[in-house]
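Residue numbers (mature numbering (1 follows the signal peptide of the UniProt record, and there is no 0)): -22 to -1, 1 to 361. Note that the Cβ used here is the ideal one computed from N, Cα and C, for glycine as well. A quick write-up on the structure given underneath.
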Amino acid sequence: MWRRLAVVVTVPVLVVGGSAVAVGQPSSHGCAAIELVPLPGDAWADANDVNEDGVAVGVSGVGKDIDHAVMWSRDRLPVRLEPLGANDETTAVAINDAGVVMGTETTPVGERAVRWDRKGAHELVPLPGDVRSLPTAINGRGDVVGRSVSSAGYNARVVLWGRSGAPVELSVPPNHLGDVAGVTDAGVAYGFLEALDGSHPLSQAAFWRPDGALRLLEVPEGSVYSEVEDVNERGVAVGRVNGTAYRWDADGHGQPLDDLAEENTDAFAVNSRGESVGISVIAFTRGTRWGRAGHVRELFPPADTWMPWPHDINDRGVVVGTAQRGWDTYPVVWAAGSDQATELLDPHGAALTGGGAAKVTNSGYVTGGRAGDRGVIWRLPRS
């Protein structure tokens, strides 16, 4: 995934306190689980992201209808991120390594994108004529990409909010919709175009420059479907074309990645070394890792599980994802250089039913889990 420099920045927000948190004994080959408690008076908490410094963000809530955006710094005490409106519900979705947070706020007219920085909360307004703004990703300098939605709720437009907070519409041809998966530190958004009239290609892998200009990536003639899912700091992109995992270089030239003799493959994430992970599918799903030259290796789940699904890879080559035991999912990690997964446990050493590992930082923090009414992140052992 797109990596960023680690810079510690203090964000002035409303501190509402908290109680001690539980840090589990090292388990799962030395992986320590860290419990994240809700705000005082709230009943539950969930972590959505963590940065290189181990600062996590997410949501703390009461029941199903009252949510508060929250940050857990390294002391693991919850800090509320101030909303724009007095009674609005908020959720913190992502944090970059500068401590800038991206999230949403539910207002009387619908959801609005919010960016929290050292000066407080800032609304990321939709394009003129639209009423809702939905963020997707944030980069290292605080640029946010997402969608601007009309009152009718369809034909959303893709946008980039730069440092000024003003929305820049990303160019989309007539009779098409755009969808963005992320944004690089250079401000280049990536994702795909979707044809509304059923014409071919139905979708096409795309980049957008910071000024909104569209650039289509190279795909084989006659391709029906393609999309970009991740880009590294060298501009190397991964995704899929017609059910085949694909890699594009910084100039937009693409090539298919090797497979495991399977029918369908997909690449989800790429690190700075050009290593990527994804899945291969025919009768069942198999975890897959591709080296810099595109050569493929299978990633195996823990012995009593099946259906491995890698989600992310860091620059050390550590991979995180999920595996299934029965029909429940569990978070797992593949150590650098290992093809065999280890299960990530909760702070009490128990299996985390229904959990999953979505992201791993270069410093070894993992997010994506929840144990009961508490959020969970993990710290992997330093090698």
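Leaving aside the five residues that flank residue 236 on each side, the residues in its chain whose CB is nearer than 8 Å to its CB run, in chain order, 268, 272, 273, 274. Note on the region 22 to 62: whole beta strand (DSSP E) runs with a minimum of 3 residues are 22 to 28, 34 to 40, 44 to 50, 56 to 58, in chain order.
Distances from the alpha-carbon of residue 153 to those of 169, 68, 145, 173 put 173 closest. Here the C-alpha atom of residue 50 lies approximately 26 Å from the C-alpha atom of residue 247. Apart from sequence neighbours up to five positions away, the residues of its chain that approach residue 285 with a beta-carbon distance below 6 Å are 263, 302, ordered along the chain. About 5 Å separates the Cβ atoms of residue 287 and residue 300, confirming a contact at the 8 Å cut-off.
Taking a contact as a CB-CB distance under 8 Å, the pair residue 325 and residue 12 counts as one, their CB atoms being some 7 Å apart.
By the Cβ criterion, the region 188 to 202 is not in contact with the region 239 to 246, since fewer than three pairs of Cβ atoms, one from each stretch, lie closer than 8 Å.
For residue 225, the uninterrupted beta strand (DSSP E) run begins and ends at 222 to 226, by DSSP.
Judged by their CB atoms, residue 102 and residue 91 are nearer to each other than the 7 Å cut-off.
In its chain, beyond the 5 residues on either side, 14, 23, 24, 25, 36 have a beta carbon closer than 6 Å to the beta carbon of residue 353. Residue state for residue 155 is assigned as strand, using DSSP reduced to three classes. Taking C-beta separations shorter than 6 Å and ignoring five residues to either side along the sequence, the partners of residue 356 in its chain run 9, 11, 322, 344, following chain order. In the three-state reduction of the DSSP assignment, residue 116 falls in the strand class. For the options 122, 155, 157, the alpha carbon positioned closest to that of residue 146 is the one of 122.
Close CB contacts of residue 170 within its chain, under the 7 Å cut and outside five residues either way in sequence, are with 157, 181, 182, 183, 184, 204, 205, 206 (chain order). Taken in chain order, the whole alpha helix (DSSP H) runs of length 4 or more contained in the region 69 to 130 number zero.
Rounded to the nearest angstrom, the Cβ distance from residue 104 to residue 127 is 7 Å, consistent with a contact under 8 Å. For residue 89, the closest C-alpha among the options 73, 95, 74, 68 is that of 68. The three-state reading of DSSP puts residue 289 in strand, counting E and B together. For a cut-off of 8 Å, the C-beta gap from residue 293 to residue 251 is around 6 Å, short enough to register as a contact. Taking C-beta atoms under 8 Å as the contact rule, residue 297 and residue 277 qualify, at a distance of about 7 Å. Rounded to the nearest whole angstrom, the CA to CA distance from residue 193 to residue 141 is 23 Å.
Within its own chain, the residues whose Cβ lies closer than 6 Å to the Cβ of residue 279, once the five positions on either side in sequence are excluded, are 286, 301, 319, listed in chain order. Nearest neighbour of residue 240 by Cα position, chosen from 118, 216, 255, 223, turns out to be 223. In this structure, the alpha-carbon of residue 109 lies about 26 Å from that of residue 58. If you draw a straight line from the Cα of residue 33 to the Cα of residue 55, it comes to about 11 Å.
When the Cα atoms are used, residue 215 and residue 19 turn out to be separated by approximately 44 Å. Nearest in C-alpha terms to residue 94, of all of 234, 202, 48, is 48.
Excluding its 5 nearest sequence neighbours in each direction, residue 256 has C-beta neighbours in its own chain below 7 Å: 223, 243, 244, 245, 246, 266, 288, listed in chain order. Rounded to the nearest whole angstrom, the C-alpha separation of residue 338 and residue 349 is 18 Å. Residue 174 sits in coil when the DSSP states are folded into three classes, being neither helix nor strand. Shown here, residue 257 sits in a strand according to DSSP, grouped into three states. In this structure, the CA atom of residue 186 is about 34 Å from the CA atom of residue 310.
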